[in-house]
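So the structure is just underneath, and the comments pick up after that.
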Amino acid sequence: MGAHGLGGKVYFFGGYNSTLGYLTSVQIFDSTTWSWSVVHLPGFGRVYSDVSTDGRWLCSVTMGPGSQVDVLDTLSGQWRHTSTPGTAKRIATSAMPTRLQG
0 MGAHGLGGKV
10 YFFGGYNSTL
20 GYLTSVQIFD
30 STTWSWSVVH
40 LPGFGRVYSD
50 VSTDGRWLCS
60 VTMGPGSQVD
70 VLDTLSGQWR
80 HTSTPGTAKR
90 IATSAMPTRL
100 QG
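Residue numbers (numbering that gives the first Met the number 0): 0 to 101.
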């Protein structure tokens, strides 16, 4: 599981549930409304995720049988996802500002 806080919300990518197995969701806690929401993302379960942000873009890179990149544009609320080798690196590189790439 990877987690990061941004704009009064905490994003929890993946994890493990003994009933469901490895999770393909992002659980979001909103500290303003004290409520939870869930976003279901495509691909395989997210167990080991590294999450970073620059204050606008929230990027989760998940390693496992393959690699996945999930990017949230917090201004538009739009998600981008890939699990295709090579494409994951291109999306992560193009979606993130330079200071998050290195």
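In this text, a Cβ means the ideal position worked out from N, Cα and C, and glycines have one as well.
Distance CB(residue i)-CB(residue j) smaller than 9 Å
i	j	result
Y59	S75	Checking the displayed sequence, the identity of residue 59 turns out to be Ser instead of Tyr. No; because the gap between Cβ atoms is not below 9 Å, this pair is not in contact.
Q77	G42	no
DSSP state of residue i mapped onto helix, strand, coil
i	result
G101	For G101, the predicted model reports a pLDDT of 45, less than 50, meaning its position is unreliable and no value from the coordinates is stated.
T81	strand
G14	coil
G6	coil
S75	coil
Cβ separation of residue i and residue j, assumed to be a contact under 8 Å, to the nearest whole Å
i	j	result
H39	S24	5 Å
F103	D69	Here the chain comprises residues numbered 0 to 101, so residue 103 is not present and cannot be evaluated.
Alpha carbon of residue i to alpha carbon of residue j, nearest angstrom
i	j	result
S36	A2	14 Å
G20	G44	8 Å
T31	T52	20 Å
V9	M0	13 Å
G7	F28	8 Å
L22	G4	19 Å
R79	G14	20 Å
G101	V50	In this prediction, G101 scores a pLDDT of 45, lower than 50, which makes its location untrustworthy; no coordinate-derived value is stated.
W33	T81	31 Å
R55	D72	6 Å
R98	T61	Because the pLDDT of R98 is 47, which lies under 50, any placement of that residue in the model is unreliable, and the question is left without a value.
Cutoff 9 Å: residue i Cβ touching any chain B Cβ
i	result
D69	Any reference to chain B falls outside this structure, which holds one protein chain only.
Could you tell me which whole alpha helix (DSSP H) segments of length 4 or greater appear in the region 29 to 66?
none
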